[in-house]
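One structure below.
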Amino acid sequence: MTGQAKPRTKRKTTNGAAGTPLLRPLNPVRRRTEEVVERIAAQIIEGRLPAGARLPTEQAMMAAMGVSRTVVREAIAALRARGLVTTRQGAGAFVNSEPDQQPYAIDPDGLGSLGSVIEILELRTAVEMEAAAIASERATAAQIRAIAKAAATFSRAIANGDRAVKEDFDFHFAIAVATQNARFVGFLEFLGGLIIPRQSIRTFDGKVELQKRYLESIEKEHQVIVNAISARSPRKARDAMRRHLLNGKERYKQLSVDPVQ
């Protein structure tokens with residue numbers, strides 16, 4: 132293809148405050164996460180959110196767009212995967228200075244199929260089984276308690292009939308923190324909510340008993356991981372995480388799933 136690309140037309144820059152197009156209420160008909168992603172991405176591409184600009188806080192986006200914290204976090208994870216934003220712990224999300232030069236990205240638009248879920252689980256298996264082993268060696272007593280607490284929080288959530296997506300992520304994130312290696316933490320932050328497949332694809336469609344058995348299996352596997360890390364056994368921790376994620380892959384293969392619309 133020849134010829135030069137037309138330069139982008141930039142619109143007036145805004146600071147993302149309430150009342151701007153970025154923070155108007157969402158159309159309830161469209162999938163909420165996708166619309167949040169599209170709206171923020173458009174602001175970035177069109178120059179209304181310039182390089183280095185800080186995105187509105189989670190609370191501001193939740194209130195202005197009428198969405199949950201989970202939706203906002205999924206949207207930020209998707210924007211990060213596209214290379215459009217970066218997150219800084221305790222500071223928020225910021226527009227990347229060179230969004231088109233992200234060396235690696237996972238397109239969230241392709242994560243609604245079973246095949247893509249399996250690919251993510253295989254990637255996680257390679258990374259997280261070693262994270263569990265390292266955590267068993269390096270974790271402080273407080274970090275081990277945090278892992279156990281995250282597992283208990285997951286258990287309480289599923290006992291209340293919740294899908295426990297956030298609680299599941301928090302458990303794996305606590306293990307990454309316990310490695311005392313920022314790269315493991317960054318890996319999970321990069322994937323964000325994408326590491327929990329049941330929020331990306333329709334797995335249960337109201338099948339309460341199926342969901343209950345599925346989540347109880349995860350609960351038991353989490354406890355085996357907690358026990359192995361608490362025992363300071365890298366071999367057992369590695370094996371427990373490997374079995375957990377491989378079992379997850381097999382569970383998804385056995386489920387009849389369709390992309391979320």
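Each residue of the sequence shown is one higher than the last, beginning at 132 in the working numbering.
Glycine is no exception: its CB is placed at the ideal position from the N, C-alpha and C atoms.
Take residue i as the anchor and find which of the options has the nearest alpha-carbon.
{"i": "I278", "options": "I171, R373, V357, I175", "result": "V357"}
{"i": "G292", "options": "G379, K380, E340, R276", "result": "E340"}
{"i": "R211", "options": "V168, S199, A295", "result": "V168"}
{"i": "R369", "options": "R255, V203, F321, V216", "result": "R255"}
{"i": "I171", "options": "Q190, R200, I207, R276", "result": "I207"}
{"i": "V226", "options": "V202, A290, R185", "result": "R185"}
{"i": "F302", "options": "K343, A290, R276, F321", "result": "R276"}
{"i": "R213", "options": "I176, G246, R200, K343", "result": "I176"}
{"i": "R294", "options": "F304, Q342, K280", "result": "Q342"}
{"i": "R269", "options": "V308, F321, E320", "result": "V308"}
{"i": "A359", "options": "A209, I306, E298", "result": "I306"}
{"i": "R344", "options": "M372, I289, K280", "result": "I289"}
{"i": "R200", "options": "Q174, A281, E347, V296", "result": "V296"}
{"i": "G178", "options": "Q274, F304, S228", "result": "S228"}
{"i": "F321", "options": "L180, A209, K380", "result": "A209"}
{"i": "K280", "options": "S267, E298, A266", "result": "E298"}
{"i": "L215", "options": "S267, M260, L180", "result": "L180"}
{"i": "E381", "options": "E253, A266, Q220", "result": "E253"}
{"i": "R366", "options": "G221, A266, E165, Q220", "result": "A266"}
{"i": "Q220", "options": "L319, E347, L346, Q385", "result": "L319"}
Span of the beta strand (DSSP E) holding residue i?
{"i": "R219", "result": "216 to 219"}
{"i": "G379", "result": "Counting along the chain, G379 falls outside any beta strand (DSSP E), though it belongs to the alpha helix (DSSP H) covering 365 to 385."}
How big is the Cα-Cα spacing for residue i and residue j?
{"i": "K351", "j": "N378", "result": "12 Å"}
{"i": "A264", "j": "I249", "result": "22 Å"}
{"i": "H375", "j": "A272", "result": "23 Å"}
{"i": "R314", "j": "Q354", "result": "25 Å"}
{"i": "A224", "j": "A182", "result": "12 Å"}
{"i": "I349", "j": "T284", "result": "13 Å"}
{"i": "A362", "j": "M196", "result": "46 Å"}
{"i": "T188", "j": "T218", "result": "12 Å"}
{"i": "I251", "j": "A257", "result": "10 Å"}
{"i": "Q311", "j": "A262", "result": "10 Å"}
{"i": "R163", "j": "S364", "result": "43 Å"}
{"i": "G246", "j": "A191", "result": "35 Å"}
{"i": "Y383", "j": "M193", "result": "31 Å"}
{"i": "A371", "j": "A173", "result": "42 Å"}
{"i": "R373", "j": "V203", "result": "30 Å"}
{"i": "R287", "j": "V198", "result": "24 Å"}
{"i": "I332", "j": "F304", "result": "A caution first: I332 carries a pLDDT of 48, below 50, which makes its placement in the model unreliable, though a value can still be read off. Going by the C-alpha atoms only, they are around 21 Å apart."}
{"i": "E347", "j": "E259", "result": "21 Å"}
{"i": "Q385", "j": "E165", "result": "27 Å"}
{"i": "A282", "j": "A222", "result": "27 Å"}
{"i": "Q274", "j": "F300", "result": "16 Å"}
Which first and last residues belong to the alpha helix (DSSP H) in which residue i is found?
{"i": "V202", "result": "200 to 212"}
{"i": "G317", "result": "313 to 322"}
{"i": "A222", "result": "Looking at the DSSP string, A222 is not in any alpha helix (DSSP H), and its letter there is neither H nor E."}
{"i": "E177", "result": "From DSSP, E177 is part of no alpha helix (DSSP H); its letter is neither H nor E."}
{"i": "A362", "result": "That residue, A362, is in no alpha helix (DSSP H); it is neither H nor E in DSSP."}
{"i": "Y184", "result": "In the sequence as displayed, the identity of residue 184 is Ala instead of Tyr. Segment: none, A184 is in no alpha helix (DSSP H) and carries neither H nor E."}
Measure the beta-carbon distance from residue i to residue j and round it to whole angstroms, keeping in mind my assumption that it falls under 8 Å.
{"i": "G323", "j": "E205", "result": "7 Å"}
In chain order, which alpha helix (DSSP H) runs of at least 4 residues are fully inside the region 236 to 309? List check, alpha helix (DSSP H) in window: 245 to 269, 272 to 290, 296 to 309.
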